[in-house]
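Trainee:
Residue numbers (the numbering used here), protein chains in the order written: chain A, 4 to 325; chain B, 4 to 325.
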């Protein structure tokens, strides 16, 4: 992948029309915020632009997605935002995996799958980069675009709680508020609003909490049975993986999320000392230092034992005991 | 109270020495952040300065309080920060209630109890004002001062989730991070760290949740029995009052916090539509539009009925039904 400057990125986008902006599968707030924010800005410059994702976007992002009317066109320029590797372009739209023209991302683990791109691992959210690109394209940021960008920033920094949050993160957030973003509302909707089903599924998951290594590691399970009992949707369970790390003294929080029979999605969260992307890489996964994931096959007990043993080792390593 | 400009506030502080900075009783993050941040800056200018509070400061603020060694002096200038009325200067230090020289505050309900003062109700946190005062005094902000100011900003805006959060809030937060504040750490400690006792007391309180008015009002109780069972300290129960408002559809969240027998401290939180300071004023209390409190005497059932009836009326008013 040829690495471009921000100005070149802006120039490439201005040179093209009929632009398709791809999100990663299981889209989160940063994916949605980047894709919709960029498309809104591109349309303001008179271009056709549409976001595309293999999975449905949660209805809680409706205040963003409802602001971009459908457009139908033959894509001429394929852009990815917040996508670290081609396989994260989901199954439903996998025809685009090999023909991405431009990649804009903030994952240090980016595989360079596109023709050209820009990767800034110092940006807490990819939306911070998108804000700079929009500015360099000379497009105005209206309140809808500002809401989209703000959502990406706030969600990918865990409401400014992750260690990826910089003064630049706050300054772009401030700019977005001046452009009309309703930051307090967005933060409340994303982080402080629980459905009753969420309350219930959280209660069930928290009951499974087990501590290891003198309370430095906490593990919870989220099973299909719990989802059934609480009637929780995919959206209702978002962010549950941050709960174990919240307990005082916990350095690594792990969530075992049952996918299929004997197949668990592991989410690991760290307070900063332990690099959980390395932990997850041992099982073929990846992510950031403070938040990473992987898939492990086995029964709940087997999987819990495997990931816990690896986490105990990882904690030992940072304590210098190994 | 004679209203001063920010420059006059800075000048007054520079003119004096042996300055005592008072916090309100039951000090929160903004009280602690303002008092310690201001004292650190005053000492940097060569002055004697000490914060004082009638109540103990929670140990979670240790990263702030440990940075200011004790000083002993005869106070010559009495300053209050984040204090809206003289009675909020607690019993233990009530001798200062009638002799406050300078009041720096952000409560619109400030009673003007001091000789001179500055009140800016547009500041989400009083610490935003303190940051401006420090700048105008020409004192450098080191990382300890920055941590204190950041703590005030972050805690009083509920981690940037309350409607009092402005772009200025974010910009001052950004400045504090550039000065060395560890914002992500502070936000995690203040909002994302739970002791096991907190987990337990939260579970007990959430079990009492009752909904009124089609789910627009949610009420929880926090009793002395719950504190006993969970072994929760004062610090463990902080912020519990924000839980009922977090449920989807809730416009007013109310927490009944048992103080003495037949005496309840009511905390009311609003998503922004209902002005809960008016609601609490009906019972002799006050606060901000989005967060207010009052004391009501009676049994739990009586108190719940009184405050709920008033809240139902308040919701009707904003719906235009009255």
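Heads up, the beta-carbon is just placed ideally off N, CA and C, and yes, glycines get one too.
Helix or strand or just coil, what does DSSP make of residue 113 of chain A?
Mentor: In the first chain, residue 113 of chain A corresponds to position 110, counting from 1. Coil, per DSSP.
Trainee: Could you tell me whether the Cβ atoms of residue 36 of chain A and residue 58 of chain A are closer together than 8 Å?
Mentor: Here residue 36 of chain A refers to the residue found at position 33 of the first chain. Here residue 58 of chain A refers to the residue found at position 55 of the first chain. It is not a contact, given that the beta carbons lie outside the stated cut-off.
Trainee: Could you tell me whether the stretch 285-304 of chain B touches the stretch 202-210 of chain B, using the rule of 3 or more Cβ pairs below 8 Å?
Mentor: The answer is no - the stretch 202-210 of chain B does not touch the stretch 285-304 of chain B, with fewer than three Cβ pairs under 8 Å.
Trainee: Report all residues from its chain with a CB closer than 7 Å to the CB of residue 285 of chain A; omit the five preceding and five following residues, and keep chain order.
Mentor: On the first chain, residue 285 of chain A is found 282 positions in, with the first residue counted as 1. Contacts found: 313.
Trainee: Output needed for residue 60 of chain A: all residues of its chain with C-beta closer than 7 Å, excluding positions within five of it in sequence on either side, in chain order.
Mentor: Along the first chain, read from residue 1 onward, the residue named residue 60 of chain A stands at position 57. Same-chain partners within the cutoff: 30, 35 and 68.
Trainee: Pull up the DSSP beta-bridge partners for residue 53 of chain B, would you.
Mentor: Looking up residue 53 of chain B in the second chain gives position 50. Paired residues: B:23.
Trainee: Using a Cβ-Cβ distance under 8 Å, would residue 162 of chain A count as near chain B?
Mentor: As a position in the first chain, residue 162 of chain A is number 159, starting the count at 1. Closer than 8 Å: yes.
Trainee: Indicate whether residue 107 of chain B and residue 120 of chain B have their beta-carbon atoms separated by less than 8 Å.
Mentor: Against the second chain, residue 107 of chain B aligns to sequence position 104. Against the second chain, residue 120 of chain B aligns to sequence position 117. Their beta carbons are under 8 Å apart, which means residue 107 of chain B touches residue 120 of chain B by this criterion.
Trainee: Kindly examine the ligand GTP and report whether one of its heavy atoms sits closer than 7 Å to the Cβ of residue 95 of chain A.
Mentor: Only the bare structure without any ligand can be found here, which leaves the ligand GTP out of the picture.
Trainee: With 16 other CB atoms within 10 Å as the buried threshold, where does residue 232 of chain B fall?
Mentor: The count along the second chain starts at 1 and reaches residue 232 of chain B at position 229. When all chains shown are included, residue 232 of chain B counts as exposed.
Trainee: Quick one: measure Cβ to Cβ for residue 238 of chain A and residue 63 of chain A, integer angstroms, because I've assumed they're closer than 8 Å.
Mentor: Walking along the first chain from the start, residue 238 of chain A turns up at place 235. Walking along the first chain from the start, residue 63 of chain A turns up at place 60. Right, the Cβ-Cβ distance comes to about 6 Å (below 8 Å), so this counts as a contact.
Trainee: Relative to the alpha-carbon of residue 26 of chain A, which residue among A:280, A:41 and A:131 has its alpha-carbon at the smallest distance?
Mentor: The residue given as residue 26 of chain A occupies position 23 in the first chain. Comparing Cα-Cα distances from residue 26 of chain A to each of A:280, A:41 and A:131, the minimum goes to A:41.
Trainee: Please list the terminal residues of the continuous alpha helix (DSSP H) segment that includes residue 230 of chain B.
Mentor: Mapped onto the second chain, residue 230 of chain B falls at position 227. Residue 230 of chain B -> alpha helix (DSSP H) spans 227-233.
Trainee: Please report the distance separating the alpha-carbon of residue 306 of chain B from that of residue 110 of chain B.
Mentor: To locate residue 306 of chain B, count along the second chain from 1; it is residue 303. To locate residue 110 of chain B, count along the second chain from 1; it is residue 107. For residue 306 of chain B and residue 110 of chain B, the distance between alpha carbons rounds to 26 Å.
Trainee: Please name the residue in A:148, A:84 and A:101 whose C-alpha comes closest to that of residue 44 of chain A.
Mentor: Here the question's residue 44 of chain A lines up with position 41 in the first chain. Residue 44 of chain A has its Cα closest to that of A:148, out of A:148, A:84 and A:101.
Trainee: Applying a beta-carbon distance threshold of less than 7 Å, which residues of chain A neighbour residue 16 of chain B?
Mentor: Stepping through the second chain from its first residue, residue 16 of chain B is reached at position 13. Going along chain A, no residue has its Cβ under 7 Å from residue 16 of chain B, so there is no contact; the nearest lies around 27 Å.
Trainee: At which residues does the beta strand (DSSP E) containing residue 310 of chain A begin and terminate?
Mentor: The residue labelled residue 310 of chain A in the question sits at position 307 within the first chain. No beta strand (DSSP E) holds residue 310 of chain A; the alpha helix (DSSP H) holding it covers 303-321.
Trainee: Taking only beta-carbon atoms, is residue 64 of chain B less than 8 Å away from chain A?
Mentor: As a working note, residue 64 of chain B is residue 61 in the second chain. No, residue 64 of chain B does not count as interfacial toward chain A.
Trainee: Short check: CB of residue 291 of chain B to CB of residue 150 of chain B, under 8 Å?
Mentor: Counting from 1 along the second chain, the entry for residue 291 of chain B is found at position 288. Counting from 1 along the second chain, the entry for residue 150 of chain B is found at position 147. Contact flag unset, no.
Trainee: Name the chain B residues whose beta carbon is nearer than 7 Å to that of residue 235 of chain A?
Mentor: Position 232 of the first chain holds residue 235 of chain A. Simply none; closest approach about 13 Å.
Trainee: Could you give the residue range of the alpha helix (DSSP H) that holds residue 185 of chain A?
Mentor: Indexing the first chain from 1 puts residue 185 of chain A at position 182. Where residue 185 of chain A is concerned, there is no enclosing alpha helix (DSSP H), given that its DSSP letter is neither H nor E.
Trainee: Using only CA atoms, which one of A:83, A:123 and A:133 lies nearest to residue 117 of chain A?
Mentor: Here residue 117 of chain A refers to the residue found at position 114 when the first chain is read from its first residue. Taking only the C-alpha atoms, the option nearest residue 117 of chain A is A:83.
Trainee: Given this structure, state the Cα-to-Cα distance separating residue 189 of chain B from residue 156 of chain B, to the nearest angstrom.
Mentor: For the purposes of this step, residue 189 of chain B is taken as the residue at position 186 of the second chain. For the purposes of this step, residue 156 of chain B is taken as the residue at position 153 of the second chain. Computed Cα separation, rounded: 11 Å.
Trainee: Which one of B:165, B:81, B:145 and B:113 has the shortest CA to CA distance from residue 56 of chain B?
Mentor: Numbered from 1 along the second chain, position 53 holds the residue referred to as residue 56 of chain B. Taking only the C-alpha atoms, the option nearest residue 56 of chain B is B:81.
Trainee: Roughly how many whole angstroms lie between the Cα atoms of residue 185 of chain A and residue 79 of chain B?
Mentor: To locate residue 185 of chain A, count along the first chain from 1; it is residue 182. To locate residue 79 of chain B, count along the second chain from 1; it is residue 76. The straight-line gap from Cα to Cα measures roughly 44 Å.
Trainee: With a threshold of 7 Å on Cβ separation, who are the neighbours of residue 265 of chain B within its own chain once the five nearest residues in sequence on each side are excluded?
Mentor: What you label residue 265 of chain B is simply residue 262 of the second chain in a count that begins at 1. The residues are 300, 301 and 302.
Trainee: Starting from the beta carbon of residue 3 of chain B, find every residue of chain A whose beta carbon is closer than 8 Å, and list them in chain order.
Mentor: As displayed, chain B neither begins before 4 nor continues past 325, which places residue 3 of chain B out of reach and without an answer.
Trainee: By Cβ distance, which residues of its chain are closer than 8 Å to residue 77 of chain B, with the 5 residues on each side in sequence left out?
Mentor: Against the second chain, residue 77 of chain B aligns to sequence position 74. If we look at residue 77 of chain B and ignore the five residues flanking it on each side, its Cβ neighbours are 21.
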